[in-house]
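The opening residue of the sequence shown carries number 0 in numbering that gives the first Met the number 0; numbering runs sequentially from there. I have placed the structure first, in the form of structure tokens, so that the comments after it can refer back to it.
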Amino acid sequence: MLRELRPHDVIVSIGSNNEFGFEEQMLGCTNSHIATFDCTVAKATNKPMTSRVSFHPYCIGLADTEKYRTWTSLSELALQAAQLHSVAAGINKARPPRIAVLKADIEGWEWVVLDEVVHSVVPSSLPQQIAVEIHLRTQAKRNVPGFREVGGFPSAKVSSLPNPTGKLQQLRARMAVAGYELINRNDNPWCNHCSEVLFVHVHEQVGTKQPDQDRVGTLLNSNSSGEHGGASVAVRATLKQQVAPAEDLLVAQLQTERGVQAAKLASLDEALLAAKHGYEDRAWT
């Protein structure tokens with residue numbers, strides 16, 4: 000599916016920490032514009048020197064403020080950047096631009112952006128693919144909505160997502176109602192509360208403004224009968240074959256960003272302990 004992207008499609012990357020490895024990879028395998036967002040970076044000194052990559056000093060938020068933008072506003076900025084690039088590059092826009100890929104590693108705030116995505120009523124702002132790292136715990140100072148402080152050191156308070164199994168199942172059901180299928184999931188061995196996942200938009204959204212509650216309930220109940228997120232195992236297997244291997248770059252980049260950093264801090268024994276314990280709260284079905 001990455002190979003099918005058009006020059007005036009947009010790849011949105013939220014959270015960079017002034018690292019642009021993902022952008023470099025996307026430059027090499029697509030012809031699309033890449034819009035990167037991060038309000039924590041004062042100056043993107045490592046941004047690739049090309050007009051195909053634009054940097055925007057905003058983070059995802061619940062409202063538009065000086066530093067934060069909602070998903071609707073972020074997607075509009077990304078589409079505008081792609082349009083400007085298309086005009087400057089003389090690209091013939093046979094069809095309007097769309098958000099083709101959303102990649103996010105934002106330490107818990109992915110719950111906010113995914114909720115805003117599934118409630119979006121603007122077709123062009125619905126990403127065709129979503130690669131995110133799902134967090135069930137994060138630093139309390141990040142103030143992620145819905146997370147509760149559970150302790151930690153005075154200088155490093157920790158917040159946790161209540162009822163993580165229920166929240167994961169509900170997320171998957173809501174994504175399915177919005178037309179997304181979970182294609183790939185990798186539990187981070189260096190982080191026992193983190194999972195890299197890949198959603199692909201496979202059909203039109205059910206409903207017009209928000210996921211239908213009856214439909215969500217049906218999908219939640221169907222998870223126990225082998226029908227996960229409204230699609231059969233065979234359908235998921237076919238989709239996974241279609242998106243591989245190019246789409247592996249999306250998940251691999253998330254794994255690299257988290258795994259390499261964690262490897263510098265954790266001993267082998269700690270890593271093995273994290274890989275052995277803590278996965279019971281990451282049940283999607």
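For glycine and all other residues, C-beta sits at the position ideal for the given N, C-alpha and C.
Identified DSSP bridge partners for residue i
i    : result
Q128 : V100, V199
Y179 : H200
Y67  : C58
N162 : Note: N162 sits in no beta bridge, so no partner.
C190 : Per DSSP, none; premise fails for C190.
R184 : V196
G151 : K156
S15  : Partner(s): none; S15 has no beta bridge.
H32  : V9
S53  : A34
8 Å CB neighbourhood of residue i in its chain, flanking five on each side removed
i    : result
V157 : R136, T137, Q138, A139, E148, V149, G150, G151
V215 : Confidence at V215 is low in this model, with a pLDDT of 44, below 50, so its placement is unreliable and no value can be given for it.
K66  : C38, P56, Y57, C58, G60
Close-in-space but distant-in-sequence residues of the same chain around residue i (CB under 6 Å, 5 per side omitted)
i    : result
E18  : none
M25  : I10, I33
L4   : T29, S31, A99
Y179 : F198, H200
Where residue i falls, given that 16 or more other Cβ within 10 Å makes a residue buried
i    : result
L83  : exposed
L181 : buried
S224 : Since pLDDT at S224 reaches only 39, below the 50 mark, its modelled position is unreliable, and no value is offered.
N16  : exposed
V131 : buried
H7   : buried
N162 : exposed
N183 : buried
H202 : exposed
E120 : Per the sequence shown, the amino acid found at residue 120 is Val instead of Glu. Per the 10 Å Cβ criterion, exposed.
L1   : buried
G14  : buried
Residue i (DSSP reduced to helix, strand or coil)
i    : result
H134 : strand
F146 : coil
L4   : coil
H118 : coil
K140 : helix
W110 : helix
The segment 102-111 contacting the segment 52-65, beta-carbon criterion three pairs below 8 Å:
Judged by pairs of C-beta atoms under 8 Å, the segment 102-111 touches the segment 52-65, as three or more such pairs exist.
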